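*Asks:* Chains Y and E supply the protein sequences, listed in that same order. Residue 1 is where the first sequence starts when you use the UniProt record's numbering, and the numbers rise one by one after that. Residue 1 is where the second sequence starts when you use the UniProt record's numbering, and the numbers rise one by one after that. Heads up, the beta-carbon is just placed ideally off N, CA and C, and yes, glycines get one too. Owing to the predicted nature of the structure, the values given are computational and were not obtained by experimental measurement.
2 protein chains.
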Amino acid sequence: MEIAKLGEFGLIDRLTKDIEIKNASTVKGIGDDCAVLSYPDKQVLVTTDMLMEGVHFDLTYIDLKHLGYKSAMVNISDIFAMNGTPRQLTVSLAISKRFSVEDIEEFYSGLRLACEKWNVDVVGGDTTSSYTGMAISITCIGEAAKEDIVYRNGAKDTDLVCVSGDLGAAYMGLQLLEREKSVYYQQVEEARKKNDKRALEELSHFQPDFSGKEYLLQRQLQTEARGDIIQKLREAGIRPTAMMDISDGLSSELMHICKQSGVGCRIYEKNIPIDYQTAVMAEEMNMNVTTCAMNGGEDYELLFTVPIGDHEKIQQIDGIKLIGHITDAKFGQILVTRDNQEFALKAQGWNPLS
Amino acid sequence: MEIAKLGEFGLIDRLTKDIEIKNASTVKGIGDDCAVLSYPDKQVLVTTDMLMEGVHFDLTYIDLKHLGYKSAMVNISDIFAMNGTPRQLTVSLAISKRFSVEDIEEFYSGLRLACEKWNVDVVGGDTTSSYTGMAISITCIGEAAKEDIVYRNGAKDTDLVCVSGDLGAAYMGLQLLEREKSVYYQQVEEARKKNDKRALEELSHFQPDFSGKEYLLQRQLQTEARGDIIQKLREAGIRPTAMMDISDGLSSELMHICKQSGVGCRIYEKNIPIDYQTAVMAEEMNMNVTTCAMNGGEDYELLFTVPIGDHEKIQQIDGIKLIGHITDAKFGQILVTRDNQEFALKAQGWNPLS
């Protein structure tokens with residue numbers, strides 16, 4: 001169905017008609033000039049992110065449902081990265097004429113799936129048109145007790161540096177998708193040159209070969225915010241001294257924590273968690289897997305520091321890896337390689353403006 | 001300066017380096033995964049808006065400083081429309097390569113001017129790139145005591161319907177800008193056809209003729225949120241029963257209030273406030289000025305209802321006009337023309353999706 005047929009309010013009605021409010025802090029959701037929230041006992045966390053077609057996502061790779069899911073998750077991830085609990089989300093969407101009502105419903109279904117997973121209320125938004133491409137802007141709101149909030153600036157000398165999950169897989173997933181896309185276009189071009197209609201017909205059913213690489217795709221297309229790790233840390237009685245989520249790459253994020261905390265760090269290459277599929281794919285593509293793990297973005301794992309006294313507790317938690325420790329600022333930000341060489345960290349992470 | 005030279009973090013540093021936090025409710029502004037706010041005694045209002053180049057603004061009309069100002073003001077306006085006080089704002093900006101660092105600084109300077117006017121803290125944002133055009137997404141956060149919040153659904157039979165300022169001027173300003181733009185392009189085309197280099201040279205200094213229409217331009221380009229009206233209502237001890245800001249047009253907004261409040265309304269054409277310049281311009285363009293006032297968007301005036309007992313108090317406030325009254329739903333939503341004909345209201349306001 002064409003979106004113009006429904007109009008702005010018809011579309012909003014259709015997208016939001018069965019949204020149920022789950023959080024006591026949501027006083028009023030969609031339908032007025034503002035959403036109304038109530039946070040008498042907690043501090044309020046607010047984060048916002050904008051995703052542009054062609055820059056942050058490519059609709060030849062990702063379907064709209066996954067895109068909706070990912071758009072919500074990357075914002076929810078920022079709330080967890082402050083040691084908070086996500087509660088509300090607003091979504092603004094700008095779409096060109098090539099999108100149908102059903103497309104937007106697909107996007108919303110993914111967005112709402114992510115919200116349901118973490119009990120987040122969709123409380124507002126804006127759906128408008130764009131001359132070209134799709135633009136997505138999401139704001140997520142969460143809560144935390146004042147004393148629970150973890151900033152980037154609390155890391156102390158001797159603290160342990162930890163990451164959740166594994167790194168580099170989302171980036172490798174993107175490499176894989178780009179490779180298959182270019183293979184596809186190459187074959188199409190060749191078939192066109194030869195005017196080979198049968199080959200073109202076959203290519204219209206082109207199935208890229210992802211076997212043995214499913215995890216990489218999942219990491220790129222189905223981003224998960226690590227609220228489970230936050231929960232485990234709470235249960236273990238561990239309060240990180242500094243924390244952030246890894247969206248641009250481990251190197252870049254470590255440098256943020258060190259800069260804001262006024263400390264240095266020593267990270268051990270051998271400790272950086274890397275999945276088997278990530279390593280195989282890096283090998284196939286002639287890339288250094290550590291570089292991918294240090295600088296590949298979009299993992300949305302948590303990077304955090306804990307007091308050295310929590311060493312044993314941390315080691316007992318599944319899915320957390322100790323990768324190094326915090327030092328005095330004068331020792332710099334150092335990566336120690338497997339063969340014991342030392343390198344200063346460089347932020348070579350993804351930069352949307354370069 | 002090219003933006004790539006600074007990079008994302010360099011640009012953010014440059015844009016935000018001298019931002020001062022003014023509100024006690026802002027615990028932490030820019031620089032972490034989230035902003036942190038504290039609202040122990042008030043409810044929290046959240047609104048968000050997305051503006052797309054070519055759809056919501058045209059950079060041949062509006063310079064980046066005015067655009068920044070307007071982008072902030074339209075969001076601040078939504079907080080006032082709930083009878084709240086704006087406190088924080090986040091801004092996301094996607095820009096293509098044709099913009100320089102100085103351009104973005106211009107945008108920020110306008111945005112910050114609007115924020116300073118209403119004492120709003122810029123607490124977060126995102127600056128990223130776009131393949132084409134500019135996309136802006138702003139979220140504004142405000143506060144209000146629970147009992148002060150005015151929703152759209154509180155209008156009661158016999159309530160008076162009021163608007164602030166005057167209507168239709170922003171729309172007429174847009175018509176004027178579009179007319180001058182088309183005159184300019186027509187002249188350029190003619191000069192090109194004739195290969196008239198002197199005419200082309202002169203056209204490069206083209207000055208559109210806006211004399212006697214300054215107010216229309218101001219209303220289109222320099223949007224003001226009506227916090228002053230909110231203040232006056234408070235001082236007069238008036239609490240509106242329903243309120244919203246007029247962004248899409250009076251007709252459409254009246255219909256929202258009637259629908260959500262379950263009431264009808266009777267609006268008198270003769271009472272609709274229209275500036276002299278709006279009337280002259282409508283005449284020049286052969287448009288019905290009442291239609292412009294009812295359906296022209298972007299006035300950002302306040303539409304609200306008050307109990308009939310406030311009649312005298314309302315009449316003593318400068319800048320508020322009584323345009324009709326609320327009725328039982330069964331009487332419908334009626335516009336009474338100057339010659340006493342009655343018409344059902346229609347939402348013909350601006351629709352970004354049609």
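1. E143 (chain Y) by DSSP, collapsed to three states: which one?
2. Ignoring anything shorter than 3 residues, give me the beta strand (DSSP E) runs that lie fully in the segment 111-165 of chain E, in order along the chain.
3. Considering only C-alpha positions, which residue in the set E:I138, E:M73, E:G262 and E:G168 is nearest to E116 (chain E)?
4. Assuming contact is defined by CB atoms lying nearer than 9 Å, are L160 (chain Y) and I326 (chain Y) in contact in what I supplied?
5. To be precise: take each residue of the segment 42-69 of chain E, compare its Cβ to all Cβ atoms of chain Y, and keep it if any distance is under 7 Å. Which residues remain?
6. Give the interface partners of M82 (chain Y) over in chain E, defined as CB-CB distance under 8 Å, in chain order.
7. In the DSSP assignment, what residue or residues form a beta bridge with H325 (chain Y)?
8. Can you name the start and end residues of the beta strand (DSSP E) that R87 (chain Y) belongs to?
9. Determine the chain Y residues that contact D245 (chain E) at a beta-carbon separation under 7 Å, and present them in chain order.
10. Taking I334 (chain E) as the query, report the chain Y residues whose CB atoms sit under 9 Å from its CB, ordered along the chain.
11. Using only alpha-carbon positions, find the residue among Y:F80, Y:I104, Y:I238 and Y:Q333 that is nearest to G309 (chain Y).
12. Using beta carbons (cut-off 9 Å, strictly below), is D299 (chain E) in contact with chain A?
13. Is the Cβ of A94 (chain E) closer than 9 Å to any Cβ of chain Y?
14. Using a C-beta to C-beta distance shorter than 9 Å, which residues of chain E count as neighbours of S71 (chain Y)?
15. Counting Cβ pairs, one atom from each stretch, are 3 or more of them under 8 Å apart for the segment 93-104 of chain Y and the segment 12-27 of chain E?
16. Mind checking Y276 (chain E): buried by the 16 CB within 10 Å criterion, or exposed?
17. State the Cα-Cα distance for the pair D196 (chain E) and F206 (chain E), rounded to the nearest angstrom.
18. If you follow the alpha helix (DSSP H) that Q315 (chain E) is part of, which residue opens it and which one closes it?
19. Taking Cβ positions only, does S164 (chain Y) come closer than 9 Å to chain E?
20. Measuring only the C-alpha atoms, how far is L335 (chain Y) from T132 (chain Y)?
21. Run through the DSSP bridge pairs and tell me what D63 (chain Y) is partnered with.
22. In this structure, how does DSSP classify K193 (chain E) when only helix, strand and coil are distinguished?
23. Does S261 (chain E) come within less than 9 Å of chain Y when only Cβ atoms are used?
24. Using DSSP with H/G/I as helix, E/B as strand and the rest coil, what is I320 (chain Y)?
25. Touching or not, the segment 127-144 of chain E and the segment 65-83 of chain Y, by the rule of three or more beta carbon pairs under 8 Å?
26. If you measure between the beta carbons of S130 (chain Y) and M134 (chain E), is that distance less than 9 Å?
27. Quick check on the burial criterion: 16 or more other C-beta atoms within 10 angstroms. Buried or exposed for F57 (chain Y)?
28. Please report the residue range of the beta strand (DSSP E) in which A344 (chain Y) lies.
29. So, at 7 Å on beta carbons, what are the nonlocal neighbours of V289 (chain Y) in its own chain, with the 5 sequence-adjacent residues on each side left out?
30. How would you write the range of the alpha helix (DSSP H) that V280 (chain E) sits in, first residue to last?
31. Is the shortest distance between the beta-carbon of D228 (chain E) and the beta-carbons of chain Y less than 9 Å?
32. Between P208 (chain Y) and the rest of its own chain, which residues show a CB-CB distance below 6 Å, the 5 nearest in sequence each way excluded?
33. Short check: CB of C265 (chain E) to CB of A155 (chain E), under 9 Å?
34. Would you identify the three-state DSSP class for S25 (chain E), choosing helix, strand or coil?
35. By Cβ distance below 7 Å, which residues in the same chain neighbour A236 (chain Y) in space, the five residues on each side in sequence not counted?
36. For Y171 (chain E), which residues from the same chain have a beta carbon less than 6 Å from its beta carbon, with the 5 sequence-adjacent residues on both sides left out?
*Replies:* Here's the rundown:
1. strand
2. 121-129, 135-144 and 160-164
3. E:M73
4. yes
5. Q43, V44, L45, V46, T47, T48, D49, M50, M52, G54 and V55
6. D32, D33, C34 and V36
7. Y:L160 and Y:R266
8. T85 to I95
9. D33
10. None at all; the shortest Cβ gap to chain Y is about 21 Å.
11. Y:I238
12. You won't find chain A in this structure, because its protein chains are Y and E.
13. yes
14. In chain order: nothing, as chain E lies at least about 12 Å away.
15. no
16. exposed
17. 15 Å
18. H311 to Q315
19. no
20. 43 Å
21. Answer is none; D63 (chain Y) lacks a bridge partner.
22. helix
23. no
24. strand
25. no
26. no
27. buried
28. E342 to A344
29. G168, I274, T278, A279 and A282
30. Y276 to E284
31. no
32. E180
33. yes
34. coil
35. K313 and I317
36. C292 and G296
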